[in-house]
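Asks: For the sequence shown, position 213 matches number 911 in our numbering, and the numbering has no gaps at all.
We put the beta carbon where it would ideally sit given N, CA and C, even for glycine.
Quick caveat: nothing in here was measured; it's all calculated off a predicted structure.
The structure's right below; bear with me while I get my questions together.
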Amino acid sequence: MAFIPVNEPLLDGNEKKYLCECIDTGWISSEGPFVERLEKNMAEYVGRKYGVAVCNGSVALDLAVEILGLKQGDEVIIPTFTIISCASALVHRGIKPVLVDADVHTWNMDVTKIEEKITAKTKAIMVVHLYGLPVDMDIVNEIATRHSLYIIEDAAEAHGLRYRGKHCGSFGDISTFSFYPNKHITTGEGGMVLMDDLKWSQRCSSYRNLCHSPQRRFLHEDLGYNFRITNIQAAVGVAQLEKIDHHLQLKRALGTHYQALLSGIDGLTLPLDQTDYAENIYWVFGLLIDRSVEITAIDAMKQLAEKGIGCRPFFYPMHRQPVFRKMGLFEGEHYPIADHLGEKGFYLPSGLTVTAEQRVYITQQVSELFSR
Ligand SMILES: *Cc1c(COP(=O)(O)O)cnc(C)c1O
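Structure, rendered in structure tokens:
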């Protein structure tokens, strides 16, 4: 069997047609009709008033933090188990990330540990919906309201995910998405910031494009960025969004099939298929090796690679990142659940093109590895 990559995008809708439109009309920069179409369609899909498309999901977080006006010395509560983009959007601006451990069952931030981290300097809670299940938002909303904190919602892995029936991406004062090729829908590289406040959306658009003054181009009252997305990328995104329901179905089928094939293997914990507030959309299908089993995620991945199976390790927790330790951050802090996830978690090929036959082969190799 040929090597099975950890991810492969599915581009079988109107992508080619819309890309040809870009070429035929000459609109290949960030000017051009598909950018606004993607913003409008995505905002409508998620149930937000405004969307501002940007060149990736990491800078979407940078913009979110910028727009909220957070400053040096402020604190923002984030999960330690996440991608570095969440922390770097803060650290680059002198804002202190304050960490919370993961929940042992959902792998998302443990919402029962948020409140003890709030100080007079806390300005926001950054929630990150991980691997296909949402953060328990009722609890976060209640805490944020009681302490007058903003919610920044990183929904980069959560297109089409619902919490108690409501779309992820609709819970933050500002919410962000990524359209990287391993997400449910892709633009190659791309992202979006979503909100309901008109002023914020205007500031977002301005910061995305160097903060040109409305009075005169090349005159700048504020310091912005070039975070623009191209019409070409947005054209792919518009086509992808047309097929999101199909992509969600494919991922659910992948997840439930893996669940059935892998149930009952000693030493392995599978993701939850659902909780009382959500059904897993299986952004990826993660596996967590029990503490009692000697093998690490990196060992397991090496052995599976030899069998032609591409895997990826889980995120590595923020409190263990050398770059932050060098800055003197998080010294003496311990987050045992996140440590376990970082050392013993990895995910199987989870793209939209993995066939049922490949899933059978993959899971046979996994159960062989763990029966040894
Ligand atoms: C993918 C991802 C991002 C970053 O997106 P890019 O488009 O790759 O910059 C941010 N947060 C989370 C949780 C992600 O999974």
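Over the uninterrupted alpha helix (DSSP H) stretch that includes residue 925, give me the two end residues.
Replies: Residue 925 sits at position 227 when you count from the first residue of the sequence shown. Taken as a continuous stretch (DSSP letters only), residue 925 belongs to no alpha helix (DSSP H), as it is neither H nor E.
Asks: Could you confirm whether any beta carbon from chain B is found closer than 7 Å to the beta carbon of residue 1024?
Replies: Looking at the structure shown, chain B is missing, and only one protein chain is on hand.
Asks: Does the distance from the C-beta atom of residue 963 to that of residue 1065 stay below 7 Å?
Replies: The residue labelled residue 963 in the question sits at position 265 within the sequence shown. The residue labelled residue 1065 in the question sits at position 367 within the sequence shown. Taking 7 Å as the Cβ cut-off, residue 963 and residue 1065 qualify as a contacting pair.
Asks: List the DSSP bridge partners of residue 1020.
Replies: Your numbering for residue 1020 matches position 322 in the sequence shown. Residue 1020 pairs with nothing; no bridge assigned.
Asks: Report buried or exposed for residue 827, applying the criterion of at least 16 other Cβ atoms within 10 angstroms of its Cβ.
Replies: Translated into positions along the sequence shown, residue 827 becomes position 129. Per the 10 Å Cβ criterion, buried.
Asks: Work out the CA separation of residue 712 and residue 837 for me, nearest whole Å.
Replies: Residue numbering aside, residue 837 sits at position 139 when the sequence shown is read from its first letter. Residue numbering aside, residue 712 sits at position 14 when the sequence shown is read from its first letter. For residue 837 and residue 712, the distance between alpha carbons rounds to 40 Å.
Asks: When the Cβ atoms of the segment 894 to 908 are set against those of the segment 949 to 960, are three or more pairs found closer than 8 Å?
Replies: Short answer: they don't touch.
Asks: Following a CB-centred definition, is residue 826 positioned closer than 6 Å to any heavy atom of ligand 1?
Replies: The residue you call residue 826 lines up with position 128 of the sequence shown. Yes; taking the cut-off as 6 Å, the Cβ of residue 826 has a heavy atom of ligand 1 nearer than that.
Asks: Where does residue 1069 sit, in a helix, a strand or coil, going by DSSP?
Replies: As a position in the sequence shown, residue 1069 is number 371, starting the count at 1. Note: residue 1069 maps to helix in three-state DSSP.
Asks: Let's see if you can read the secondary structure: which residues bound the beta strand (DSSP E) around residue 876?
Replies: The residue you call residue 876 lines up with position 178 of the sequence shown. Note, residue 876: beta strand (DSSP E), 872 to 876.
Asks: Relative to the C-alpha of residue 1040, which residue among 806, 944, 860 and 895 is closest?
Replies: As a first step, residue 1040 is located in the sequence shown; it is residue number 342 there, counting from the start. Cα-wise, what sits closest to residue 1040 is 806.
Asks: Which runs of the beta strand (DSSP E), 3 residues or longer, sit entirely within the segment 745 to 784?
Replies: Complete beta strand (DSSP E) runs here, min 3: 748 to 752 and 773 to 777.
Asks: Between the Cα of residue 991 and the Cα atoms of 1027, 1032, 1038 and 945, which residue gives the shortest distance?
Replies: On the sequence shown, position 293 is the one that residue 991 refers to. That would be 1038, whose Cα lies nearest to the Cα of residue 991.
Asks: Measure the C-alpha to C-alpha separation of residue 871 and residue 1019 and round it to an integer number of angstroms.
Replies: Walking along the sequence shown from the start, residue 871 turns up at place 173. Walking along the sequence shown from the start, residue 1019 turns up at place 321. Their backbone Cα atoms lie some 28 Å apart in a straight line.
Asks: Can we count residue 855 as close to ligand 1, meaning its CB is less than 6 Å from some heavy atom?
Replies: Against the sequence shown, residue 855 aligns to sequence position 157. Yes, the beta carbon of residue 855 sits closer than 6 Å to at least one heavy atom of ligand 1.
Asks: In terms of residue numbering, what span does the beta strand (DSSP E) encompassing residue 795 cover?
Replies: Start at 1 with the first residue of the sequence shown, and residue 795 comes out as number 97. Here the beta strand (DSSP E) through residue 795 covers 794 to 798.
Asks: What's the C-alpha gap between residue 765 and residue 881?
Replies: Along the sequence shown, one-based indexing puts residue 765 at 67. Along the sequence shown, one-based indexing puts residue 881 at 183. Rounded to whole angstroms, residue 765 to residue 881 spans 25 Å at the Cα level.
Asks: Indicate whether the contact test is met: 3 or more Cβ pairs, each with one atom in the segment 811 to 823 and one in the segment 742 to 751, closer than 8 Å.
Replies: Contact fails: fewer than three Cβ-Cβ distances are below 8 Å.
Asks: What three-state label does DSSP hand residue 836 in the structure shown?
Replies: Residue mapping note: residue 836 aligns to position 138 of the sequence shown, counting from 1. In the structure shown, residue 836 sits in a helix (DSSP, three-state: H, G or I).
Asks: What are the start and end residues of each continuous alpha helix (DSSP H) run of 4 or more residues lying completely inside the segment 927 to 974, in chain order?
Replies: If we require 4 residues or more, the alpha helix (DSSP H) runs fully inside the segment 927 to 974 come out as 929 to 940 and 942 to 960.
Asks: Does the distance from the C-beta atom of residue 976 to that of residue 829 stay below 7 Å?
Replies: Translated into positions along the sequence shown, residue 976 becomes position 278. Translated into positions along the sequence shown, residue 829 becomes position 131. Cβ atoms of residue 976 and residue 829: not closer than 7 Å.
Asks: Hey, how far is the Cα of residue 1061 from the Cα of residue 772?
Replies: Looking up residue 1061 in the sequence shown gives position 363. Looking up residue 772 in the sequence shown gives position 74. Residue 1061 and residue 772: Cα-Cα distance of roughly 46 Å.
Asks: If we ignore side chains and look at the alpha-carbon of each, how far apart do residue 996 and residue 732 end up?
Replies: On the sequence shown, residue 996 is found 298 positions in, with the first residue counted as 1. On the sequence shown, residue 732 is found 34 positions in, with the first residue counted as 1. So the alpha carbons of these two residues sit roughly 41 Å apart.
Asks: How far does the beta strand (DSSP E) with residue 987 in it extend, from its first residue to its last?
Replies: Working through the sequence shown from its first residue, we reach residue 987 at position 289. Counting along the chain, the beta strand (DSSP E) containing residue 987 begins and ends at 983 to 987.
Asks: What is the DSSP secondary structure of residue 1073, counted as helix, strand or coil?
Replies: Residue 1073 is absent from the model: the chain starts at 699 and stops at 1070.
Asks: With a threshold of 6 Å, establish whether the CB of residue 852 neighbours any heavy atom of ligand 1.
Replies: Locating residue 852 in the sequence shown gives position 154, counting from the first residue. Under cutoff, so the answer is yes.
Asks: Ligand 1 and residue 776: does any heavy atom of the ligand fall closer than 6 Å to the residue's C-beta?
Replies: Translated into positions along the sequence shown, residue 776 becomes position 78. For ligand 1, not one heavy atom lies less than 6 Å from the Cβ of residue 776.
Asks: Contact check, residue 653 vs residue 1063 under 8 Å by CB: the rounded distance?
Replies: Because residue 653 is not part of the residues shown, which for the chain are 699 to 1070, the question remains open.
Asks: Using alpha carbons as the reference points, say which of 753, 857, 868 and 1058 lies closest to residue 923.
Replies: Stepping through the sequence shown from its first residue, residue 923 is reached at position 225. The shortest C-alpha separation from residue 923 is found at 753.
Asks: In the DSSP assignment, the beta strand (DSSP E) including residue 821 goes from what residue to what residue?
Replies: Sequence index remark: in the sequence shown, residue 821 carries index 123 (1-based). Note, residue 821: beta strand (DSSP E), 820 to 826.
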